[in-house]
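Chains A and B are the protein sequences, given in the same order. So in numbering that gives the first Met the number 0, the last one in the first sequence is 431, and the numbering has no gaps at all. So in numbering that gives the first Met the number 0, the last one in the second sequence is 431, and the numbering has no gaps at all. Cβ atoms here follow ideal geometry from the backbone N, Cα and C, with glycine treated the same way. As the structure is a computational prediction, the values presented were derived from the model and not from experiment. Single-structure report; data block below.
Protein chains: 2
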Amino acid sequence: MNPVKIGICGLGTVGKGTFDVLTRNGEEIAGRAGCNIVVSHIGARRGADISGVNVSTDIFAVADDPEIHILVELIGGTTVAKDLVLQAIANGKHIVTANKALIAEHGNEIFAAASEKGVSVAFEAAVAGGIPIIKAIREGLSANRIEWLAGIINGTGNFILTEMREKGRDFDDVLKEAQELGYAEADPTFDVEGIDAAHKLVILASIAFGIPLQFDKAYTEGITKISTEDVEYAEQLGYRIKHLGVARKNGKGVELRVHPTMIPEKRLIANVNGVMNAVLVKGDAVGPTLYYGAGAGAEPTASAVVADIVDVARTLSAEPKHRVPYLAFQNDAMNDTPILPIDEVETAYYLRMSAEDKPGVLSEVAQILSNAGISIEAIIQKEPAEGQDHVSLIILTSRAIEKNLDQATDSIEALDSIAGEVTRIRVESLAG
Amino acid sequence: MNPVKIGICGLGTVGKGTFDVLTRNGEEIAGRAGCNIVVSHIGARRGADISGVNVSTDIFAVADDPEIHILVELIGGTTVAKDLVLQAIANGKHIVTANKALIAEHGNEIFAAASEKGVSVAFEAAVAGGIPIIKAIREGLSANRIEWLAGIINGTGNFILTEMREKGRDFDDVLKEAQELGYAEADPTFDVEGIDAAHKLVILASIAFGIPLQFDKAYTEGITKISTEDVEYAEQLGYRIKHLGVARKNGKGVELRVHPTMIPEKRLIANVNGVMNAVLVKGDAVGPTLYYGAGAGAEPTASAVVADIVDVARTLSAEPKHRVPYLAFQNDAMNDTPILPIDEVETAYYLRMSAEDKPGVLSEVAQILSNAGISIEAIIQKEPAEGQDHVSLIILTSRAIEKNLDQATDSIEALDSIAGEVTRIRVESLAG
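Here you go:
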């Protein structure tokens with residue numbers, strides 16, 4: 000098929016970037032794909048004036064265009080986008096999308112429809128922008144039982160934590176700058192509360208473990224409560240705080256969780272700073288591998304969108320069953336390993352509490368932890384500031400089941416000698 | 000086609016690892032591939048006793064076996080391996096190989112033969128072991144004009160440089176340990192002189208830039224002359240010394256070079272330690288991306304071999320022209336950009352020289368550099384050791400064309416006040 004004709008729906012940042020990259024690198028891309036890739040139809044609500052390209056303000060006109068082979072969905076959201084994609088699939092179009100929410104929340108339904116029609120649905124751009132992480136896990140590591148993966152998959156959150164560490168700034172201050180720089184939305188909830196990261200993590204977990212997409216089972220905890228104090232103590236203990244998405248398969252099920260995490264500073268992923276993304280994947284044969292790059296932005300995301308277009312263009316002659324499966328595993332090879340609730344997950348913990356400056360407090364706290372079967376790996380206790388009768392007590396624990404830690408924390412908070420809540424950050428060694 | 004039958008030639012470390020991974024993860028792999036992958040014939044000179052598998056001591060019997068679809072070449076070397084692969088191709092078999100020397104030195108001929116017969120030749124395991132770097136560049140970054148790439152692609156060399164830095168040990172001492180640990184061969188030339196890295200770099204450059212494989216044009220310089228002194232001065236200047244393979248396309252041609260390189264310590268790749276490998280790739284759309292993992296070893300390499308087998312198994316129904324091209328670009332899209340000789344390459348430089356401890360020497364040296372259009376970015380000059388009349392003078396230069404630096408160095412060495420040769424290490428900022 001030459002040329003392969005595509006329709007792009009949505010002409011925002013990523014849509015424009017995709018058009019630009021296809022235009023600028025057209026010759027190079029054709030040299031790899033073995034065919035010319037032509038944008039023959041654009042759907043944009045506000046219209047656009049691009050010479051030689053049919054532009055519709057009704058994006059569904061693109062899904063109905065008999066000329067196009069591939070519909071590229073870049074409008075975002077999960078309502079209109081879902082209708083658009085399903086209509087295009089019904090019309091026999093292949094789909095390329097950058098829409099993480101759409102895939103994480105409605106992917107199972109979309110893949111079922113696509114499978115029925117024998118068309119491809121490609122979504123490399125939905126996770127970690129330009130990093131070819133879907134391809135790496137789905138194809139590059141296909142020999143492996145994936146044991147776990149851990150990713151910095153939200154650039155805004157990583158920018159905030161990096162600034163807090165490097166410049167000692169506080170959360171609100173950096174968030175405001177991130178918004179001014181355009182890294183964070185006016186409503187930053189999706190980024191800082193971990194919802195965006197959870198969307199991506201759910202997709203990665205499915206292709207790693209052969210399980211259906213289960214966004215509703217993901218545990219998410221944001222970074223809004225991380226204080227500069229915690230960032231500094233982490234540093235003293237030889238750790239960095241990152242907002243990680245972690246998926247791990249253990250004997251009981253699959254852990255699927257996004258939360259602030261302390262990582263030993265000597266790990267490569269602990270040194271991924273600013274808006275950059277990275278995903279660490281541990282396979283049983285290959286060991287740990289890491290993938291790093293820009294997780295967002297017009298052209299990095301377009302890089303992944305166009306790579307998907309080239310992949311689909313190449314496979315236009317392949318029978319559907321010989322293509323790479325949507326979620327890495329063939330339909331009949333998917334499994335129903337359960338997603339574990341967060342209270343059954345085991346990690347180590349950083350605990351910070353405000354303790355009365357008198358003898359015996361540490362011993363009370365240690366006793367509670369010990370009764371819960373939790374040992375203490377490290378302690379920092381500072382002199383009280385002038386005029387203060389409470390001191391910061393920082394404890395690094397051994398690995399413990401979250402529900403045991405919850406109980407111990409409740410008991411610690413009930414002590415007269417402890418003021419307020421215990422701050423807690425999960426610790427992962429991420430050792431190969 | 001179910002099952003897909005493969006023949007493995009060579010039952011050394013990687014051959015055994017491949018058999019083990021295929022056996023252990025067989026169900027998982029079939030779940031991804033959509034077909035069972037069965038080892039139906041093994042070629043091993045010394046024979047082997049594996050139940051249910053036909054074993055030939057004549058490896059060419061595998062190439063002639065009408066049953067097998069894919070021949071997996073893991074015998075190494077470039078003479079018998081080449082004959083074996085060409086014979087299998089003539090018989091219509093698809094090829095998977097981990098043999099970097101074979102592809103770098105004879106790839107053009109092998110791909111021509113394979114193209115004629117319409118079969119696949121897959122070689123992910125030939126570069127950086129288990130890291131899916133070929134797939135990342137060839138497919139994951141297919142939207143990009145690749146501007147440059149730089150890789151730590153020899154684990155032995157990286158182990159030696161890491162030990163020298165972390166423990167202040169000298170080269171010969173660490174090399175001996177690497178040999179005892181089995182990281183380095185009894186004849187370590189291939190590793191420490193950069194030949195192994197050059198094989199891999201040549202392959203990466205071809206798939207990045209669409210040029211034929213040109214091993215004979217690669218510049219290689221080993222790490223045998225790196226002293227603990229240089230490692231320490233690099234540290235003081237905020238750098239790490241790594242044995243990098245660098246391929247860069249500029250207006251005049253393609254730089255293709257392996258040499259010790261100073262990299263700012265804040266770069267992620269500067270923190271890749273021990274036997275681990277990493278490749279940093281800069282695309283015009285995606286920006287810098289990095290791929291990290293084990294570059295050697297039985298199962299990491301097997302991970303890549305098996306991923307290639309799965310890829311080939313999946314494409315058995317695709318018409319040859321719709322498969323991923325051997326070198327990323329279609330045959331008629333390859334270009335003849337020349338490989339640049341090393342003296343036309345531009346980098347910055349670290350220079351270390353032994354200077355007489357008297358006034359005016361620094362000014363003489365600075366004058367020579369200035370005359371060659373080279374400026375000085377940083378200087379370290381130490382007090383002479385007791386009883387010494389010479390001091391170490393360390394200069395970090397601006398970027399300069401190598402032949403200009405060569406001339407300046409000659410002039411500096413000719414100065415009466417400079418003793419011996421000027422030690423020189425290229426410096427790359429590797430900024431995105």
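What span of residues does the beta strand (DSSP E) with residue i cover, start to end?
i, result
"lysine 248(A)", "238–248"
"isoleucine 102(A)", "Segment 99–116 is the alpha helix (DSSP H) holding isoleucine 102(A); no beta strand (DSSP E) there."
"threonine 288(B)", "286–293"
"lysine 281(A)", "275–282"
"valine 84(B)", "Unbroken run through valine 84(B) is the alpha helix (DSSP H), 79–89; no beta strand (DSSP E)."
"methionine 352(B)", "345–355"
Under a CB-based cut-off of 8 angstroms, is residue i close to chain A?
i, result
"threonine 314(B)", "yes"
"arginine 164(B)", "no"
"leucine 267(B)", "yes"
"histidine 68(B)", "no"
"aspartate 433(B)", "With chain B running from 0 to 431 in the structure shown, residue 433(B) is simply not present."
"histidine 321(B)", "yes"
"glutamine 329(B)", "yes"
"glutamate 27(B)", "yes"
"arginine 144(B)", "yes"
"asparagine 24(B)", "yes"
Answer yes or no: does any C-beta atom of chain B fall closer than 8 angstroms to that of residue i?
i, result
"alanine 284(A)", "yes"
"alanine 62(A)", "no"
"proline 263(A)", "no"
"glycine 30(A)", "yes"
"glutamate 433(A)", "With chain A covering only 0 through 431, there is no way to say anything about residue 433(A)."
"glycine 33(A)", "yes"
Taking DSSP as the reference, what is the three-state secondary structure of residue i?
i, result
"glutamate 376(A)", "strand"
"serine 362(A)", "helix"
"glutamate 420(A)", "strand"
"methionine 163(B)", "helix"
"histidine 68(B)", "coil"
"alanine 62(A)", "helix"
"glutamate 179(A)", "helix"
"leucine 21(B)", "helix"
"leucine 414(A)", "coil"
"asparagine 157(A)", "helix"
"proline 263(A)", "strand"
"valine 323(B)", "coil"
"glycine 9(B)", "coil"
"valine 191(B)", "helix"
"valine 439(A)", "Because chain A is modelled from 0 through 431, residue 439(A) falls outside the range shown and cannot be assessed."
"lysine 15(B)", "helix"
"serine 39(A)", "strand"
"lysine 4(A)", "strand"
"glutamate 27(B)", "helix"
"leucine 212(A)", "coil"
"valine 173(A)", "helix"
"valine 140(A)", "Just to set this straight, residue 140(A) is leucine in the shown sequence, not valine. In this structure, leucine 140(A) counts as coil in the three-state DSSP scheme."
"alanine 185(A)", "coil"
"asparagine 53(B)", "strand"
Does the beta-carbon of residue i, which I'm using as the reference point, lie nearer than 7 angstroms to any heavy atom of the ligand MN?
i, result
"leucine 10(A)", "This structure does not include the ligand MN; it has no bound ligands of any sort."
Return no unless some Cβ of chain C is closer than 8 angstroms to the Cβ of residue i.
i, result
"phenylalanine 158(B)", "Absence of chain C from the displayed structure is noted, the protein chains being A and B."
Which residues bound the alpha helix (DSSP H) around residue i?
i, result
"threonine 227(A)", "227–235"
"lysine 199(B)", "194–208"
Notebook entry, point to check: Quick one, which residues of the region 113–140 of chain B are near chain A if we go by CB-CB under 7 angstroms, in chain order?
Noted result: Listed in sequence order: Gly129, Ile130, Pro131, Lys134, Ala135, Glu138, Gly139, Leu140.
Notebook entry, point to check: Going along the region 92–113 of chain B in order, which residues come within less than 7 angstroms of chain A, judged by CB to CB distance?
Noted result: none
Notebook entry, point to check: In chain order, what residues of the region 289–306 of chain B put their CB closer than 7 angstroms to some CB of chain A?
Noted result: Leu289, Tyr290, Tyr291, Gly292, Ala293, Glu298, Pro299, Ala301, Ser302, Val305, Ala306
Item checked: Touching by the beta-carbon criterion (3+ pairs, under 8 angstroms), the region 10–23 of chain B and the region 76–92 of chain B -> no
Margin query: Using a Cβ distance threshold of 8 angstroms, determine whether the region 192–212 of chain B contacts the region 80–96 of chain B, with at least three qualifying pairs required.
Written below: no
Check: Within the chosen definition, does the region 339–354 of chain A reach the region 131–140 of chain A through at least 3 CB pairs nearer than 8 angstroms?
Finding: no
Check: Would the region 138–148 of chain A and the region 296–314 of chain B be scored as touching if the rule is three or more Cβ pairs under 8 angstroms?
Finding: Touching, yes.
Checklist line | Residues from the region 332–365 of chain A in contact with chain B, defined by Cβ distance under 7 angstroms | finding: Ala332
Next item on the list: Examine the Cβ distances between the region 260–269 of chain A and the region 231–248 of chain A and report whether three or more of them are shorter than 8 angstroms.
Entry: yes
Check: For the region 10–23 of chain B, which residues have a CB atom closer than 9 angstroms to at least one CB atom of chain A, in sequence order?
Finding: Gly16, Thr17, Asp19, Val20, Leu21, Arg23
Next item on the list: Pair every Cβ in the region 107–126 of chain B with every Cβ in the region 323–330 of chain B, then say whether three or more of these pairs are closer than 8 angstroms.
Entry: yes
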